[in-house]
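Enquirer: Note that this note's numbering gives residue 123 to position 56 of the sequence shown, counting from 1, and the numbers run on in steps of one.
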Amino acid sequence: MPGEQTIYCASSAEGAYGELLGALKVGGPYRAQEYLDDPGADDLYALIARDWNDLGVRPPGVVDIHWLYAHRLYTVALPASGWFVEIEHARTITYLASHIPLSLWERGIDEITVAQTRSGDRYLTTELAATLAAAPLAGGVQALGIHYYSKHGTHWSCWAVWLREGVAGALDAGPGQPVAPPADNAALAAVLDIYNLTAR
Numbered sequence: 068m069p070g071e072q073t074i075y076c077a078s079s080a081e082g083a084y085g086e087l088l089g090a091l092k093v094g095g096p097y098r099a100q101e102y103l104d105d106p107g108a109d110d111l112y113a114l115i116a117r118d119w120n121d122l123g124v125r126p127p128g129v130v131d132i133h134w135l136y137a138h139r140l141y142t143v144a145l146p147a148s149g150w151f152v153e154i155e156h157a158r159t160i161t162y163l164a165s166h167i168p169l170s171l172w173e174r175g176i177d178e179i180t181v182a183q184t185r186s187g188d189r190y191l192t193t194e195l196a197a198t199l200a201a202a203p204l205a206g207g208v209q210a211l212g213i214h215y216y217s218k219h220g221t222h223w224s225c226w227a228v229w230l231r232e233g234v235a236g237a238l239d240a241g242p243g244q245p246v247a248p249p250a251d252n253a254a255l256a257a258v259l260d261i262y263n264l265t266a267r
């Protein structure tokens, strides 16, 4: 949001890896013959992987393990008091539907449902979050952030925490832990398996 810093948290290490690696999932299978002339019966991604491998480039679906090792996993202790807005609650959706920002109206968005709150359009979801950030809660307090379920799977519960005045100082994340290899990291191994990814 403009003028704000935000951190994103998940309820589990698996959820954190799920959010981190979600954009790297390989779709398909896609029949290559729908996109290329005379490719044979191969899958499109198999052909791409073969070409990239021949060029010495990491193919789709293979995560750079050293990129993962550059990350750290933090356990965040949230402030002892405060509220998070439940983004998919019917009251939240109703509020958003009656407070659609002008910027979204101008883009042709005249309805807000759960489909919009889970949209892949970052501009849309950020505008909705900004609307909720400005919304007064009971007693006139401001929300600490929003609670949502990952668009990669509703078993992963997530939070966007707005680092407003007083919030950043109330958070405690400690030094974090290095990312262990999949063989020693059940949460990472589970997400790689769910997404059909490998890491090397």
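Where a beta carbon is used, it is the ideal one built from N, C-alpha and C, also for glycine. Only a predicted model underlies this, so the values are computations on that prediction, with no experimental measurement involved.
Please give the ranges of any beta strand (DSSP E) in the region 134-196, keeping only runs that are unbroken, at least 3 residues long and fully inside the region.
Expert: DSSP runs (the beta strand (DSSP E)) wholly in the region 134-196: 151-153.
Enquirer: With H, G and I counted as helix, E and B as strand and the rest as coil, what does DSSP make of Val130?
Expert: Three-state result, Val130: strand.
Enquirer: Would you kindly work out how many angstroms separate the C-alpha atoms of Gly233 and Asp177, rounded to a whole number?
Expert: So the two alpha carbons sit approximately 35 Å from each other.
Enquirer: Quick check on Gly207 - is its C-beta less than 7 Å from some C-beta in chain B?
Expert: No chain B is part of this structure, which consists of one protein chain only.
Enquirer: Mind checking Pro203: buried by the 16 CB within 10 Å criterion, or exposed?
Expert: Exposed, by the Cβ-count rule.
Enquirer: Near Ala92, what residues of its chain come up, given a Cβ to Cβ distance below 6 Å and the 5 sequence neighbours on each side ignored?
Expert: This sequence places Lys at residue 92; Ala is not what is there. Excluding sequence neighbours, Lys92 sits near Tyr262.
Enquirer: Is the separation between the beta-carbon of Gly212 and that of Val228 shorter than 7 Å?
Expert: In this structure, Val228 lies closer than 7 Å to Gly212 by Cβ.
Enquirer: Tell me the DSSP secondary structure of Ala256 in three-state form.
Expert: Ala256: helix per DSSP, three-state reduction.
Enquirer: Less than 8 Å between C-beta atoms, sequence neighbours within five positions excluded: which residues of the same chain meet that for Tyr265?
Expert: It is worth fixing the name first, because residue 265 is Thr in this sequence and not Tyr. Result list for Thr265: Gly128, Val129, Val130 and Leu259, in chain order.
Enquirer: Measure the C-alpha to C-alpha separation of Ala113 and Arg98 and round it to an integer number of angstroms.
Expert: The alpha-carbon atoms of Ala113 and Arg98 are separated by roughly 10 Å.
Enquirer: Going by C-alpha distance, which of Leu199, His222, Tyr102 and Arg139 is nearest Pro248?
Expert: Nearest of Leu199, His222, Tyr102 and Arg139 to Pro248, Cα basis: Arg139.
Enquirer: Rank Ile132, Gly85, Lys218 and Ala147 by C-alpha distance to the C-alpha of Arg268 and give the top, closest one.
Expert: Shown here, the chain extends from 68 to 267; a query on residue 268 therefore has no answer.
Enquirer: So Thr73 and Leu230 are in contact, right, with Cβ under 8 Å, and what is the actual spacing, rounded?
Expert: Correct: roughly 7 Å between the Cβ atoms.
Enquirer: Bridge partners for Ile115 per DSSP, in chain order?
Expert: BP columns for Ile115 are empty, so no partner.
Enquirer: Are Trp223 and Gly82 closer than 7 Å when you measure CB to CB?
Expert: In this structure, Gly82 lies closer than 7 Å to Trp223 by Cβ.
Enquirer: Could you give the distance in angstroms between the alpha-carbon of Ala77 and the alpha-carbon of Leu255?
Expert: C-alpha separation (whole angstroms): 14 Å.
Enquirer: Ends of the alpha helix (DSSP H) at Tyr84?
Expert: Here the alpha helix (DSSP H) through Tyr84 covers Ala80 to Leu88.
Enquirer: For Gly212, which of helix, strand or coil comes out of DSSP?
Expert: Here Gly212 sits in strand by DSSP.
Enquirer: DSSP has Thr265 in a bridge; who is on the other side?
Expert: Answer by DSSP bridge pairing, in chain order: Val129.
Enquirer: Would you report the Cα separation of Glu173 and Leu191, rounded to the nearest angstrom?
Expert: Whole-angstrom Cα-Cα distance: 12 Å.
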